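*Asks:* Here you go, one structure.
Residue numbers (the working numbering): -4 to 245.
Printed below as a string of structure tokens:
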């Protein structure tokens, strides 16, 4: 009798464990956040321009985003970009204003971090007369001389570094996207060098901490101006890079 009871209890426990495991396997994966970026295709010089981003997750409006910022730069001058923090309207929409001081072609990219996800769609804005023929030729000459233009649909956002100090661990973080979706399973390396010691370059492999987010840690041993070049590759033949400059203080 006791033997039969023991067998019954053992079988019951196995069935219960199997049921629990089944529930874990069927756990739903959170839906990705989506962002609708609303900016005009054309704008007048020195006129007020409204920028709006509507953030959703499935059918739900996301009103609790951790960070929403609009990054703006002129064609060929991303290193001189300007960032504007968006106002949260409390209904899933986030807004900001800007103005453009001269003719040209500009890019507006919104960076949204919400619910442990990051996305960064972008659009172009033609201001005034846009790019003249001579200016457009100059842009192509820059690319021919080695200035890198990203693959269509690819986007890279390097988290700004502030108050970097010698011998203090610094976290390097970059978000990558392809066709407005996180670029996963890429090989990302940070190349770092001091402007005063061009012969010495350090290479650091980054780990993918979340979908499309790649992080690494580094200690700077000397004060000075440094360059950080981010190299991105994947199995589909993508090969991208982008350079940033930071100051390290004592």
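Glycine is no exception: its CB is placed at the ideal position from the N, C-alpha and C atoms. Nothing here was measured: the structure is a model prediction, and the numbers come from that model.
Span of the beta strand (DSSP E) holding residue 233?
*Replies:* Position 238 of the chain shown, counted from the first residue, corresponds to residue 233. No beta strand (DSSP E) contains residue 233, which DSSP labels as neither H nor E.
*Asks:* Check for me: the beta strand (DSSP E) holding residue 77 runs from which residue to which?
*Replies:* Walking along the chain shown from the start, residue 77 turns up at place 82. Per DSSP, residue 77 belongs to the beta strand (DSSP E) from 77 to 80.
*Asks:* By the three-class DSSP mapping on this structure, what secondary structure does residue 74 have?
*Replies:* The residue given as residue 74 occupies position 79 in the chain shown. The answer is helix: DSSP assigns residue 74 an H, G or I state.
*Asks:* Cβ atoms of residue 213 and residue 241: under 8 angstroms apart, would you say?
*Replies:* Here residue 241 is taken as the residue at index 246 of the chain shown, counted from 1. Here residue 213 is taken as the residue at index 218 of the chain shown, counted from 1. For residue 241 and residue 213, no; Cβs fall outside 8 angstroms.
*Asks:* Report yes if the C-beta distance between residue 172 and residue 243 is below 8 angstroms; otherwise report no.
*Replies:* Locating residue 172 in the chain shown gives position 177, where the first residue counts as 1. Locating residue 243 in the chain shown gives position 248, where the first residue counts as 1. Not closer than 8 angstroms, so no.
*Asks:* Would you mind listing the alpha helix (DSSP H) stretches within the region 179 to 212 that are 4+ residues and don't spill past its ends, in chain order?
*Replies:* Runs of the alpha helix (DSSP H) inside the region 179 to 212: none found.
*Asks:* Mind checking which residues open and close the beta strand (DSSP E) that includes residue 67?
*Replies:* Locating residue 67 in the chain shown gives position 72, where the first residue counts as 1. 62 to 69 is the span of the beta strand (DSSP E), which, as asked, contains residue 67.
*Asks:* Excluding sequence positions up to five away, which residues of its chain have a Cβ less than 6 angstroms from the Cβ of residue 152?
*Replies:* As a position in the chain shown, residue 152 is number 157, starting the count at 1. So the qualifying residues of the chain are 106, 115 and 170.
*Asks:* Buried or exposed: where does residue 234 fall if 16 or more other Cβ atoms within 10 Å of its Cβ makes it buried?
*Replies:* Counting from one through the chain shown, the residue named residue 234 turns up at place 239. Under this definition residue 234 is an exposed residue.
*Asks:* Residue range of the beta strand (DSSP E) that residue 99 falls in?
*Replies:* Reading the chain shown from its first residue, position 104 is the one you call residue 99. Residues 99 to 109.
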